[in-house]
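Residue numbers (this note's numbering): 4 to 256. What follows is a set of notes on a single structure, which appears directly below.
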Amino acid sequence: MTPDVPSASLAVDAISKRYGETVALDGVSIDFRPGSVHTILGENGSGKSTLVKLLSGVVFKDSGRLLVDDVPFEGRTPAQFSARGFATVFQEVLIAPDRTVTDNVLLGMDRLFVRTVPRQHREARVAEMLKRIAVSAVPPDALAGSLPLAQQQLIVIARALVRDPRILILDEATAALDHADREAVFVEVERRARAGGLVLFISHRMDEVFRLSDRISVLRSGRLVKTLARGDATTDELLALMAPVRPPEAHHG
Ligand SMILES: Nc1ncnc2c1ncn2[C@@H]1O[C@H](COP(=O)(O)OP(=O)(O)O)[C@@H](O)[C@H]1O
Ligand SMILES: [Mg+2]
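The following block contains the structure:
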C-alpha cells in the first residue's frame, strides 16, 4: 500500500484576472474538497488555464482570495506554491529537450532531495512512477526531446506526481496520450483522490469528464456558470452550460 496523500482543502473566492482589456476571470468562487477530483470545464478561452496559472504562481490575481486549508494564501512564485503542496501539469508540454527522461522528471525537485537521496534511488523512484502511469515503456536514459509528444506528456505528468503533491492540477494534460496510457494516468489520479488528495482536472472532453470527476465547475467567458456533482450532470446540460450565450430570439406578435 502506498501511504495516504495528506489532504488539502482549497477555495478560490471572487478571483479576477485580466490581461490588458481581456477579462480572463471575473469574480470566480469555487470550493474544492479534499479527497476529490474536481473538473473545470469550459470552451476555449473561458479562463481555465488562467485559473490553473493563478494556482501555480505563474500569474497573480488582480483581486479575490485563495484559501488553502481555510487560510488565505498569497503565494507569488511557483516555488511558493510548490512548497505549499501544489503541483501542476501545464497545457503546454514543458520539457528540457537535451536532458534525459529521468532528469526531466526530477527537474525543479527540491535540492535537498537531490542532495540526500542517492542517484540510484532517485532513478528507481522515477522508473517506478513512469511504470505506474504508462503502459507504454518510456526509456529513462533517452533525451526527452527525441521522444514523441505522448511520451513527453507522460514525463511532465510523472514530474508532478513524483513530488507527491497534496493538490495536483492537470490542465488538458492527457490530450496527447493513447487510450491505454490515459487510463493508467486516470487510475493513478483516482487513487490519489481516494487517498485524500485533491485533483483539479481540466478538460473539455466529455468522456474524460464523466470518467473521472466527482464535481464539475463550468466556466464561460471567465465566469463560473455552475458547480455540480457528477451524478447531477448530463452531457447535454454541461454542453448547454458551456455554450456561449446566444442573443435572445426575436419574438413576433
Ligand atoms: N498571456 C495572455 N495575454 C493576453 N490574453 C491572454 C493571455 N492568456 C490568456 N489570455 C486570454 O484570456 C482568456 C482566457 O484564456 P485561457 O485562460 O487560456 O482559457 P482556456 O484555458 O479556457 O482556453 C482568453 O480570452 C485568452 O485569449
Ligand atoms: Mg487552456
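Here a beta-carbon is modelled for each residue, glycine too, at the ideal position from N, C-alpha and C. Just so we're clear, the structure is a prediction, and the values are computed from it rather than from any experiment.
Can you give me the C-alpha to C-alpha distance between residue i and residue j, rounded to a whole angstrom?
| i | j | result |
| --- | --- | --- |
| Ala133 | Thr177 | Residue 133 is actually Leu in this sequence, not Ala. Approximately 14 Å between the Cα atoms of the pair. |
| Glu1 | Ile160 | Given a span of 4 to 256 for the chain in the structure shown, any question on residue 1 remains unanswerable. |
| Ala17 | Ser32 | 5 Å |
| Glu193 | Val40 | 7 Å |
| Ile285 | Ala140 | Since the first and last residues shown for the chain are 4 and 256, residue 285 lies out of range. |
| Leu13 | Arg226 | 18 Å |
| Asn47 | Arg218 | 20 Å |
| Arg162 | Leu109 | 6 Å |
| Leu150 | Leu171 | 25 Å |
| Leu44 | Asp210 | 12 Å |
| Ser66 | Phe116 | 35 Å |
| Leu222 | Lys51 | 7 Å |
| Val104 | Lys20 | 35 Å |
| Arg102 | Thr80 | 24 Å |
| Leu157 | Leu242 | 29 Å |
| Leu54 | Leu28 | 7 Å |
| Thr119 | Val61 | 28 Å |
| Leu34 | Val15 | One point to set straight first is that residue 34 is Asp, not Leu, in the sequence displayed. Whole-angstrom Cα-Cα distance: 7 Å. |
| Asp144 | Phe84 | 29 Å |
| Gly30 | Ala82 | 26 Å |
| Ala198 | Pro37 | 9 Å |
| Glu191 | Arg185 | 10 Å |
| Glu240 | Thr42 | 15 Å |
With DSSP collapsed to three states, give me the class of residue i.
| i | result |
| --- | --- |
| Arg125 | helix |
| Arg185 | helix |
| Lys64 | coil |
| Gly234 | helix |
| Ala130 | helix |
| Leu13 | strand |
| Arg166 | coil |
| Thr80 | coil |
| Ile33 | strand |
| Ser224 | coil |
| Phe93 | coil |
| Ile160 | helix |
| Ser19 | strand |
| Val104 | helix |
| Val117 | helix |
| Leu244 | helix |
| Val71 | strand |
| Ala198 | coil |
| Arg87 | coil |
| Ser49 | coil |
So, under 8 Å CB-CB, residue i and residue j are touching, yes? Tell me the CB distance rounded to an integer number of Å.
| i | j | result |
| --- | --- | --- |
| Ser224 | Ser49 | 6 Å |
| Phe93 | Asp167 | That belief does not hold up - the Cβ atoms of Phe93 and Asp167 are roughly 19 Å apart, past 8 Å. |
| Ala90 | Ile136 | Not confirmed; about 14 Å, so no contact. |
| His69 | Phe76 | Contrary to the premise, residue 69 reads as Leu rather than His in this sequence. Right, the Cβ-Cβ distance comes to about 5 Å (below 8 Å), so this counts as a contact. |
| Pro9 | Arg169 | 5 Å |
| Pro100 | Ala147 | 6 Å |
| Val11 | Asp72 | Sequence inspection shows Ala at residue 11; the Val mentioned does not correspond to that position. About 6 Å; that satisfies the 8 Å criterion. |
| Val96 | Gln155 | 5 Å |
| Phe189 | Arg214 | 6 Å |
| Arg128 | Val165 | 6 Å |
List the DSSP bridge partners of residue i.
| i | result |
| --- | --- |
| Thr25 | Tyr22 |
| Pro151 | Pro151 pairs with nothing; no bridge assigned. |
| Arg218 | His41 and Ala232 |
| Phe204 | Thr42 and Leu173 |
| Pro142 | Paired residue(s): none; Pro142 is not in a bridge. |
| request: Specify whether the region 226-241 and the region 184-202 touch according to this definition: at least 3 beta carbon pairs, one from each stretch, less than 8 Å apart. | output: In the pairwise beta carbon analysis, the region 226-241 is classified as not touching the region 184-202: fewer than three pairs are separated by under 8 Å.
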